[in-house]
Structures are given as structure tokens and as C-alpha cells.
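K.L.:
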Amino acid sequence: MSALSETVLVTGASGHLGKIVLEELLKKGHNKIIATTRKPESLEDFAKRGVTVRKASFDEPASLVTAFQGADRILIISTDNIGSRIPGHSAAIDAAVKVGAKRILYTSLTKADEIPVTFAFEHEETEEKIKQSGLAYTILRNNMYSDYLIPKLQHAIASGSIYGSGGDGACAYVSRIDCAKAAAAALLSTESGNKILEISGPKAWTYAELAKFTSELVNIRISYVDLPAEEYSKALVGAGVPKPMADALASFDVSIREGYLKEVNSSAKDLIGETLQDVTALLKDNKSALIS
Numbered sequence: 000m001s002a003l004s005e006t007v008l009v010t011g012a013s014g015h016l017g018k019i020v021l022e023e024l025l026k027k028g029h030n031k032i033i034a035t036t037r038k039p040e041s042l043e044d045f046a047k048r049g050v051t052v053r054k055a056s057f058d059e060p061a062s063l064v065t066a067f068q069g070a071d072r073i074l075i076i077s078t079d080n081i082g083s084r085i086p087g088h089s090a091a092i093d094a095a096v097k098v099g100a101k102r103i104l105y106t107s108l109t110k111a112d113e114i115p116v117t118f119a120f121e122h123e124e125t126e127e128k129i130k131q132s133g134l135a136y137t138i139l140r141n142n143m144y145s146d147y148l149i150p151k152l153q154h155a156i157a158s159g160s161i162y163g164s165g166g167d168g169a170c171a172y173v174s175r176i177d178c179a180k181a182a183a184a185a186l187l188s189t190e191s192g193n194k195i196l197e198i199s200g201p202k203a204w205t206y207a208e209l210a211k212f213t214s215e216l217v218n219i220r221i222s223y224v225d226l227p228a229e230e231y232s233k234a235l236v237g238a239g240v241p242k243p244m245a246d247a248l249a250s251f252d253v254s255i256r257e258g259y260l261k262e263v264n265s266s267a268k269d270l271i272g273e274t275l276q277d278v279t280a281l282l283k284d285n286k287s288a289l290i291s
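Heads up, the sequence shown is in numbering that gives the first Met the number 0, so the first residue is 0 and it goes up one at a time.
#1: Leaving out the 5 sequence neighbours to the left and right, which residues in its chain are closer than 6 Å to Ala184 when beta-carbon positions are compared?
#2: If you reduce the DSSP assignment to three classes, tell me which class Tyr147 lands in.
#3: Go ahead and label Pro201 buried or exposed: buried means 16 or more other beta carbons lie within 10 angstroms of its beta carbon, across all protein chains shown.
#4: Return the first residue and the last residue of the beta strand (DSSP E) that Gly163 is part of.
#5: Use the C-beta contact count for Phe67: other C-beta atoms within 10 angstroms, 16 or more gives buried, fewer gives exposed.
#6: So what does DSSP say about Glu5, is it helix, strand or coil?
#7: Here's the rule I'm using: 16 or more other beta-carbon atoms within 10 Å means buried, otherwise exposed. How should Ser254 be labelled?
#8: Quick one: Cα of Ile176 to Cα of Ala34, how far?
#9: Could you say which of Ile81, Met143, Lys130 and Pro60 lies nearest to Ala203 if we only look at CA atoms?
#10: Quick one: measure Cβ to Cβ for Ile92 and Ile129, integer angstroms, because I've assumed they're closer than 8 Å.
#11: Restricting to Cα atoms, I'd like to know which of Leu196, Leu275, Glu230 and Ser232 is closest to Leu108.
#12: Exposed or buried, Ala61, counting other C-beta atoms within 10 Å across all chains shown (16 or more means buried)?
#13: Please report the distance separating the alpha-carbon of Leu74 from that of Ile85.
#14: Classify Thr274: buried if its beta carbon has 16 or more other beta carbons within 10 angstroms, exposed otherwise.
#15: Is Asp252 near Ser145, with beta carbons less than 7 Å apart?
#16: Rounding to the nearest angstrom, what Cα-Cα distance links Val96 and Met244 in this structure?
#17: Measure the C-alpha to C-alpha separation of Gly166 and Val7 and round it to an integer number of angstroms.
#18: Give the DSSP-derived three-state secondary structure of Thr117 in the structure shown.
#19: Can you check whether the CB of Glu262 is closer than 7 Å to the CB of Ser199?
#20: Between which two residues does the alpha helix (DSSP H) carrying Tyr105 extend?
#21: Look at Ile149 and Ala155 and say whether their C-beta atoms are less than 7 Å apart.
#22: Report back the beta-carbon spacing between Ile76 and Leu16 to the nearest angstrom; my notes put them in contact at under 8 Å.
#23: Do Tyr206 and Tyr231 have their C-beta atoms within less than 7 Å of each other?
#24: What did DSSP end up calling Ile19 once you bin it into helix, strand or coil?
#25: Buried or exposed: Ile81, going by 16 or more other Cβ atoms within 10 Å of its Cβ?
#26: Gly237 to Leu248, Cα distance in whole Å?
#27: Using the three-state DSSP reduction, which class does Ser311 fall into: helix, strand or coil?
#28: Using the three-state DSSP reduction, which class does Val98 fall into: helix, strand or coil?
#29: Could you give the distance in angstroms between the alpha-carbon of Ala267 and the alpha-carbon of Thr36?
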């Protein structure tokens with residue numbers, strides 16, 4: 000059973016990360032859980048298992064105040080509304096203050112205050128808003144999800160090349176499930192004080208290393224083709240990726256090239272208390288998906 004007696008709340012609970020966080024909280028035996036979502040019907044299974052499900056939208060501040068009632072600790076999962084996150088995040092923070100929450104937790108971006116990713120400013124400003132709220136906080140700065148490598152490597156296997164702009168830089172990819180486990184553990188932690196935690200995977204990978212490992216895994220020769228960031232963004236747009244997303248992906252590769260994503264640390268492992276999923280394990284587990 001969880002040692003924490005307080006009520007915890009998870010926003011965006013019907014999303015990929017949110018559902019895993021709920022599962023982890025239940026596994027730990029915590030029975031005071033509120034889940035907020037725009038679509039309560041998507042969490043019926045969790046409602047049957049004792050989770051209090053409430054409808055709320057970051058676009059409707061009044062709904063957040065109502066939905067947050069009774070919550071002691073609130074995990075704000077950053078929305079996927081890239082480019083327009085700040086108003087919604089600010090509304091959630093204001094609601095947490097209004098209902099008298101004791102702690103805010105937030106899923107941010109690694110090195111949010113310095114990384115040259117196009118939308119990093121949204122995370123930086125959200126973090127600053129949290130710091131100014133007066134509430135205790137835990138900020139979880141997640142590195143890139145290793146899960147995002149699956150579609151990238153599917154394309155690489157089909158074409159024979161990984162395209163990118165990361166140069167010889169490396170990224171300490173972390174799995175979504177480990178980020179969720181870390182968030183659940185942080186929600187239930189009885190430690191006090193304000194914390195900003197960089198969340199990384201157990202090893203930093205270059206694109207060349209990914210190409211070599213994937214080649215050996217699927218027995219297909221794959222090379223890494225390094226492109227200037229602007230050219231890589233144009234190539235993504237040509238492949239059908241919307242320009243804002245293409246620019247964001249290219250800026251992540253610039254961040255890899257410049258060394259912002261290479262740091263390996265123990266924050267997630269310390270929170271979870273178990274070994275993290277390495278990229279090799281993720282790719283091996285998804286080998287059939289890679290070659291399908």
C-alpha cells in the first residue's frame with residue numbers, strides 16, 4: 000500500500016502517459032485518485048476500479064477549479080497543444096492554488112530553460128508560473144521518449160537510412176512507461192521541498208549507434224545520413240509533416256548535436272527503484288512492428 004494518505008490528481012489522464020500513471024498508482028495500492036479528462040467515458044475502466052473521474056478542460060478554467068476540488072497533489076501533464084500551451088497550463092496552476100492543493104507536479108522538457116527546441120519556452124514559462132504560485136512543486140524534465148524511435152526506425156528500415164541533423168551528438172532517450180512510473184512515484188513521495196528533476200534513460204545514443212544496432216537487429220543495412228537542420232526540416236515537410244512540427248523535430252536534432260540531451264542521470268531510477276528500460280530492450284520488444 001502507498002504510504003501517502005493524501006488525494007492525488009492526474010490531468011490529461013486519458014492520454015498515453017496519463018493512463019500509465021493511473022495504472023502505476025493503482026499498482027502501488029493508492030486509493031485516493033482523481034483523474035481529469037475531456038472525455039470521462041474513456042476512463043470508465045479506471046472508474047470501475049475506484050478512480051474518481053471528472054470532466055475538465057484546460058480551455059475552461061472554471062471546469063478545472065471544480066474538478067480539482069479535494070486534491071492535495073496535482074500532476075499537470077503538459078498538453079499536446081504545441082504553441083498554445085501556456086494559457087491552459089496557467090489556468091491549471093491557478094486552479095490548483097484556488098482549491099488549496101499542497102503540491103504541483105509538472106511534466107516538463109529536459110533543460111527547458113536553455114535547450115534550443117522551438118517550444119521549450121512554453122515549458123520554461125510554465126515552470127516559472129509554478130515557482131511563483133507559492134505551492135510546493137516537483138518538476139519532471141523528461142528527455143525524449145524512446146518510443147518515438149519506433150516510427151523513425153520503421154522509415155529507416157524501409158528506406159535504408161536514418162535521416163537527421165544530430166551529427167555525432169547523443170540523446171539519453173527514456174521510455175514513456177519509465178516517465179509515467181517516475182511521475183507516479185513522485186506523486187506518492189513523502190519527501191518535502193521543491194525539486195527540479197532531469198529524467199533520462201540509462202544510456203545516450205548517437206544516430207550512428209542506432210543505425211548499427213537496428214541493422215544488426217533486423218539484418219538490413221541501415222546508414223545514418225546527417226543533414227543541415229534547415230534541410231532536414233524541409234525533407235520532413237516534403238514527407239507530409241506540418242512545418243511547425245518539422246521545425247520542432249529539427250530543433251530537437253540541433254539540441255542533440257549541441258549536447259543538450261546527452262546527460263544520463265539516476266533521477267528516474269531513484270524514484271522508481273528499479274532498472275530502466277534501455278533502447279535495446281524497447282527495439283527488441285518491438286522488432287515485429289519495426290519490420291512490418
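Where a beta carbon is used, it is the ideal one built from N, C-alpha and C, also for glycine.
Note that this is a predicted model, so its numbers are computed, not measured.
P.N.:
The relevant details are as follows:
#1: Leu270 and Ile271
#2: Here Tyr147 sits in helix by DSSP.
#3: buried
#4: Ser160 to Gly163
#5: Buried, by the Cβ-count rule.
#6: coil
#7: buried
#8: 18 Å
#9: Met143
#10: Their Cβ separation, rounded to whole angstroms, is 6 Å, which keeps Ile92 and Ile129 in contact under 8 Å.
#11: Leu196
#12: Exposed, because fewer than 16 other Cβ atoms sit within 10 Å of the Cβ of Ala61.
#13: The alpha-carbon of Leu74 is positioned some 16 Å away from that of Ile85.
#14: exposed
#15: no
#16: In a straight line, the C-alpha of Val96 is about 33 Å away from that of Met244.
#17: 42 Å
#18: coil
#19: yes
#20: Where Tyr105 is concerned, there is no enclosing alpha helix (DSSP H), although the beta strand (DSSP E) it sits in stretches over Arg102 to Leu108.
#21: no
#22: 6 Å
#23: Contact flag unset, no.
#24: helix
#25: exposed
#26: 14 Å
#27: Missing from the structure shown is residue 311; the chain here goes from 0 to 291 and no further.
#28: coil
#29: 26 Å
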